[in-house]
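Taking it in order: structure first as structure tokens, then the write-up.
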Amino acid sequence: MGSTGGSTVTLRRYGSPGDAAATFAVFQAAVRQTAATVYAPEQVEAWAGPPDVDLTGWDARRREAFTVVAQDGEGVVGFTDLVGDGLVDMLFVHPRVGGQGVARALVTAITDEARARGLPGLRTFASRSARPALERLGFVVVAERPDNAVRGVVVPNCEMRRLLQEDGRRSGRESAGG
Numbered sequence: 001m002g003s004t005g006g007s008t009v010t011l012r013r014y015g016s017p018g019d020a021a022a023t024f025a026v027f028q029a030a031v032r033q034t035a036a037t038v039y040a041p042e043q044v045e046a047w048a049g050p051p052d053v054d055l056t057g058w059d060a061r062r063r064e065a066f067t068v069v070a071q072d073g074e075g076v077v078g079f080t081d082l083v084g085d086g087l088v089d090m091l092f093v094h095p096r097v098g099g100q101g102v103a104r105a106l107v108t109a110i111t112d113e114a115r116a117r118g119l120p121g122l123r124t125f126a127s128r129s130a131r132p133a134l135e136r137l138g139f140v141v142v143a144e145r146p147d148n149a150v151r152g153v154v155v156p157n158c159e160m161r162r163l164l165q166e167d168g169r170r171s172g173r174e175s176a177g178g
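Positions 1 to 178 (full-length UniProt numbering) are the ones given, in order, by the sequence shown.
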């Protein structure tokens with residue numbers, strides 16, 4: 001991918017030893033730090049869940065999906081999952097590398113995979129904290145979800161889509177709105 005904030009970030013498929021713990025740590029940091037800027041503490045706690053979960057199920061879900069991991073010299077700094085018919089199930093970036101192009105690189109990787117599969121587009125359920133970045137990457141809001149609940153707590157989000165036909169034959173590496 002290149003240099004981001006002084007360190008080189010590379011992308012690879014999920015599946016190396018330690019990936020379950022490393023990606024879960026990124027998820028926890030992103031929710032507890034980044035999302036905490038736009039959600040109330042009880043919403044953050046419900047979404048993040050317990051910090052000491054059994055990683056067996058987490059690992060199985062990452063392995064079942066097309067999961068891409070971003071890594072720098074200090075370890076895993078982000079990941080995303082592409083599931084089934086184009087659902088971007090997870091897209092999380094560690095706060096220490098936020099705004100450095102990691103999310104863009106991850107979305108480019110799954111966009112390329114979606115195109116290779118012949119999928120018409122991507123869709124996701126985006127948090128308030130992820131929405132601006134996804135809009136810059138060409139996603140549009142198709143539905144607000146003000147009543148979305150996580151562990152019995154309302155954590156509003158929105159459904160977003162990106163139609164790949166509109167991208168034509170672009171590589172996905174070009175800016176899609178910013």
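All residues carry an ideal CB built from backbone N, CA and C; glycine is no exception.
Could you pull the start and end residues of the alpha helix (DSSP H) that residue 27 belongs to? 19–29
In chain order, what residues of the same chain have a beta carbon less than 6 Å from the beta carbon of residue 59, not counting five sequence neighbours either side? 20
So what's residue 177 in DSSP terms, helix, strand or just coil? Any reading at residue 177 must be qualified, since the residue scores a pLDDT of 38, below 50, and its modelled position is unreliable; the value itself is stated next. Three-state DSSP puts residue 177 in coil, outside helix and strand.
Where do the N-terminal and C-terminal ends of the beta strand (DSSP E) with residue 145 fall, by residue? 140–145
State the DSSP-derived secondary structure class of residue 117, mapped to helix, strand or coil. coil
Exposure of residue 84, with buried meaning 16 or more beta-carbon neighbours within 10 Å: exposed
Pick from 118, 39, 73 and 62 that is closest to residue 89, judged by C-alpha positions: 62
Please go through the same chain and pick out, in chain order, the residues whose beta-carbon is closer than 8 Å to the beta-carbon of residue 163, but skip the five residues on each side of it. 120 and 121
So, using beta-carbon positions, are residue 70 and residue 142 closer together than 8 Å? no
For a quick check, are the C-beta atoms of residue 140 and residue 161 less than 8 Å apart? yes
Endpoints, alpha helix (DSSP H) assigned at residue 60: 55–64
Going straight from the alpha carbon of residue 37 to that of residue 129, what length do you get? 8 Å
When you compare the CB positions of residue 14 and residue 92, do they come within less than 8 Å of one another, or not? no
To the nearest angstrom, how far is the alpha carbon of residue 135 from that of residue 112? 18 Å
So, helix, strand or coil for residue 126, using DSSP? strand
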